[in-house]
Amino acid sequence: MSQKQMFCYQCEQTAKGQGCTILGVCGKTPEVAALQDLLLHTLKGLTKV
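In structure tokens form, the structure reads like this:
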């Protein structure tokens, strides 16, 4: 059974245009993708303050 380590659709290089699920096509690791998601969600929250 395949386990998704990440889901990244942050760039135009996403696998098959659907998102990367193991390692980014761009070389991004699951940890970096998670940190970028956290940063984006935090910034969106700050704009509502």
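In my numbering, the protein residues as written are 196 to 244. Beta carbons: idealized from backbone N, C-alpha and C, even for Gly.
Within the DSSP bridge table, the entry for Cys215 names Cys203 as partners. Spatial neighbours of Cys206 in its own chain (CB-CB distance under 7 Å, excluding positions within 5 residues in sequence) are listed in chain order as Cys221. Counting along the chain, Val227 sits inside the alpha helix (DSSP H) bounded by residues Pro225 to Leu241.
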